[in-house]
Amino acid sequence: RGVLAEFDYLPLSYELTQGDRDRLQAVYAKKAARIREGRPMSQEEEWTEIAKVYKTAEMKPQVFADFLPAHPDVLSRSILFVETKEYGAPILELLHGYTHLYRTYYAEDDRDHLVAFARGDIDCILTCHRISQGIDIRSLNTVVLFASARARLETIQRIGRCLRIDPARPEKRALVIDFVRPASPTDTVPNADQERSQWLTALSQVRKGDAHGA
1 RGVLAEFDYL PLSYELTQGD RDRLQAVYAK KAARIREGRP MSQEEEWTEI AKVYKTAEMK
61 PQVFADFLPA HPDVLSRSIL FVETKEYGAP ILELLHGYTH LYRTYYAEDD RDHLVAFARG
121 DIDCILTCHR ISQGIDIRSL NTVVLFASAR ARLETIQRIG RCLRIDPARP EKRALVIDFV
181 RPASPTDTVP NADQERSQWL TALSQVRKGD AHGA
């Protein structure tokens with residue numbers, strides 16, 4: 001209906017490192033210890049801790065570093081979502097090699113960074129969760145999902161930032177870059193990354209004027 005811009009979806013593949021596997025084992029060891037102590041972890045707590053390992057997988061920054069030399073333009077008018085400020089540190093170093101027009105927007109950062117981005121004074125913002133809500137920057141081109149929740153609502157909020165139509169560019173086409181862990185031989189069902197990738201791939205194939213169900 002022309003409410004949102006069309007977008008391309010680009011999943012970048014990553015694998016777990018030994019460090020990531022060690023962190024997963026630490027979660028399972030913690031779970032076992034809590035059972036022995038008589039205060040077992042809730043399923044939600046277990047899932048949250050496991051999800052954090054995948055959201056902060058050690059290989060993702062290097063995968064992005066390998067991708068950027070051939071595609072530096074993706075940093076123009078972009079928001080990069082990370083799980084933690086600490087995880088964002090090496091990504092900031094990476095950005096510095098391509099542009100000085102970037103800022104962070106973490107909890108302690110001044111809102112002026114966001115205002116400068118909206119004005120076009122800077123090209124790239126690195127952030128966690130806060131920017132997901134209540135921002136309408138129509139010139140935004142690209143969203144990079146270093147971290148993405150299994151719940152679709154948060155992903156919708158994040159990619160929606162770049163899907164706003166831009167009156168100044170009627171033919172705007174956005175880009176969503178994601179990080180997807182391939183299937184493991186032991187997987188019996190698609191992992192969370194694969195489920196999200198299948199869903200976003202299908203959304204990216206929707207075109208203006210397509211029929212849609214209720």
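So that you can map any letter, position 28 of the sequence shown is 28 in the numbering used here, and since no number is skipped, the others follow by simple counting. Ideal placement from N, C-alpha and C gives every residue a C-beta, glycine not left out. These figures come from a predicted structure and were not determined experimentally.
Exposed or buried, residue i, counting other C-beta atoms within 10 Å across all chains shown (16 or more means buried)?
i: Ile-156; result: exposed
i: Val-82; result: buried
i: Val-143; result: buried
i: Ala-29; result: exposed
i: Ala-70; result: exposed
i: Ser-132; result: In this prediction, Ser-132 has a pLDDT of 47, which is less than 50 and means its spatial position is unreliable; what the coordinates show is noted afterwards. Per the 10 Å Cβ criterion, buried.
Could you work out which residue in the options is closest to residue i when comparing CA atoms only?
i: Arg-57; options: Ile-165, Ala-147, Asp-166; result: The amino acid at residue 57 is misidentified as Arg; the sequence shows Ala. Here the closest residue by C-alpha is Ala-147.
i: Pro-170; options: Ser-139, Asp-187, Leu-200, Glu-195; result: Ser-139
i: Arg-181; options: Arg-36, Cys-128, Lys-55; result: Lys-55
i: Leu-145; options: Thr-84, Pro-40, Lys-208, Ala-183; result: Thr-84
i: Glu-15; options: Arg-150, Gly-120, Phe-179; result: Phe-179
i: Ser-78; options: Ser-204, Leu-163, Pro-167, Ala-202; result: Leu-163
How about residue i: is its Cβ closer than 6 Å to a heavy atom in the ligand ADP?
i: Arg-34; result: Here there are no bound small molecules, and the ligand ADP is not part of this structure.
Looking at residue i: is its Cβ nearer than 7 Å to the Cβ of residue j?
i: Leu-10; j: Leu-80; result: no
i: Cys-124; j: Leu-92; result: no
i: Ile-165; j: Val-176; result: no
i: Tyr-102; j: Leu-114; result: no
i: Val-53; j: Leu-12; result: no
i: Pro-72; j: Pro-90; result: no
i: Ala-192; j: Arg-150; result: yes
For a test of the three-state rule: what should DSSP assign to residue i, helix, strand or coil?
i: Tyr-9; result: strand
i: Ile-165; result: coil
i: Leu-193; result: Checking the sequence shown, residue 193 turns out to be Asp, not Leu. Three-state result, Asp-193: helix.
i: Leu-16; result: coil
Segments assigned alpha helix (DSSP H), at least 4 residues, entirely inside the segment 72-159: 85-96, 112-119
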